[in-house]
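Position 93 (the sequence shown) corresponds to 92 in numbering that gives the first Met the number 0; numbering is contiguous.
Heads up, the beta-carbon is just placed ideally off N, CA and C, and yes, glycines get one too.
Here is the structure we will look at, set down as structure tokens.
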Amino acid sequence: MTVDIEKPRALIFDWDNTLVDTWPTIHEALRQTFEAMDVEPWTLDQTRQRVRRSMRESFPELFGDRWTKARDIFYDAYERVHLTSLTPCDGASEGLSVLAESDLYLGVISNKTGRYLRSEARHLGWDRYFGRLVGAGDAARDKPAPEPVSHALEGSGIDAGRDVWMIGDAGVDMEIAHLTGLVPVLVKDGEPDPDEFAAHEPFHQVANIDELVRYIREF
């Protein structure tokens, strides 16, 4: 749904599949992990549907007390492929460049492990755009818990509130926004499934980062 939204002072972005298209990379690393752990691999569609939470929350459910072994296998596989296959989402490079020249504070909250998040940002030359890039393990708890929000805004002089937008493609992005009083903005090309965001509705939807920039300019 669309409602009145305050002019933003800060934008906090999700990373995977909001700014960079990483589904093929994540899927390949998971495929290698599942096969090594004698678990039936997911299809790419299943990966897209099921990967939402951080590894320290999801892997114990998937692998039980073997989850740390699975974690190490995943990290090994991911390390080999994640930079070479990194692809910006439509409009992300141009949009971030424009936004970085404004007076908006920009940050990232991702459930990707922090060191991988920051290495990918450096690889793309985007690290200069963001005040803080907060990944899994950087705060006491991971998204959708509220702690990453205060961590992402630390040093900006901006408090969590209606002039901070949380921009992402998944339910956890909308959930953390609702939990911390931010404005949840969904990045999705096409209509979501009817129940996909029923628990935590976005206040506005854009198809890509280009459209987000145009929407912000309306303010």
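For residue i and residue j, what's the separation of their Cα atoms in angstroms?
i, j, result
"Ala-139", "Glu-146", "7 Å"
"Asp-188", "Arg-216", "20 Å"
"Ala-156", "Ser-96", "Looking at the sequence provided, one finds Gly at residue 156 rather than Ala. Looking at the two C-alpha atoms, the distance is approximately 22 Å."
"His-150", "Ile-208", "23 Å"
"Asp-37", "Arg-65", "12 Å"
"Pro-193", "Glu-200", "11 Å"
"His-177", "Tyr-214", "21 Å"
"Trp-41", "Ser-84", "20 Å"
"Pro-7", "Ala-35", "46 Å"
"Phe-73", "Ala-198", "31 Å"
"Asp-102", "Ala-120", "21 Å"
"Glu-56", "Tyr-115", "17 Å"
"Asp-89", "Trp-22", "14 Å"
"Phe-62", "Lys-68", "9 Å"
"Glu-190", "Leu-43", "20 Å"
"Asp-172", "Gly-130", "19 Å"
"Glu-39", "Gln-48", "16 Å"
"Glu-60", "Glu-93", "39 Å"
When you compare the CB positions of residue i and residue j, do they come within less than 8 Å of one another, or not?
i, j, result
"Leu-152", "Ala-144", "no"
"Leu-123", "Val-107", "no"
"Leu-10", "Pro-87", "no"
"Thr-46", "His-81", "no"
"Ala-91", "Lys-111", "no"
"Gly-113", "Asp-137", "yes"
If you drop the 5 nearest sequence neighbours on each side, which residues of the same chain put their C-beta closer than 7 Å to that of residue i?
i, result
"Tyr-128", "Leu-95, Ala-99 and Leu-105"
"Arg-70", "Met-54 and Phe-58"
"Val-50", "Ile-25"
Looking at the strands, I want to know which residues DSSP matches up with residue i.
i, result
"Ile-11", "Gly-106 and Met-165"
"Gln-204", "Leu-185"
"Pro-87", "Val-19"
"Ala-135", "Thr-112"
Report all residues from its chain with a CB closer than 8 Å to the CB of residue i; omit the five preceding and five following residues, and keep chain order.
i, result
"Arg-161", "Ile-4, Glu-5, Gly-180, Leu-181 and Val-182"
"Phe-218", "Lys-6 and Pro-7"
"Arg-117", "Asp-126, Leu-132 and Gly-134"
"Asp-20", "Thr-86, Pro-87 and Cys-88"
"Phe-196", "Gly-170, Met-173 and Leu-185"
Which same chain residues end up closer than 6 Å to residue i when comparing Cβ atoms and leaving out the 5 residues on each side of it in sequence?
i, result
"Leu-211", "Val-205"
"Phe-12", "Leu-18, Val-107 and Ile-166"
"Ser-53", "Asn-110, Ala-135 and Asp-141"
"Glu-174", "Pro-143 and His-199"
"Thr-163", "Per the sequence shown, residue 163 should be read as Val rather than Thr. Correct list, in chain order: Ala-9 and Leu-181."
"Val-148", "Ala-159 and Thr-179"
Within the 8 Å Cβ cut-off, does residue i reach chain B?
i, result
"Phe-202", "The chain labelled as chain B is not found in the depicted structure, where only one protein chain is given."
Evaluate contact between the segment 11–30 and the segment 164–176, counting only Cβ atoms and requiring at least three cross-stretch pairs below 8 Å.
Output reads yes: the segment 164–176 touches the segment 11–30.
Across the segment 25–34 and the segment 69–79, are there enough close Cβ pairs to call them in contact, namely three or more that are closer than 8 Å?
Because the criterion of three Cβ pairs below 8 Å is met, the segment 25–34 and the segment 69–79 touch.
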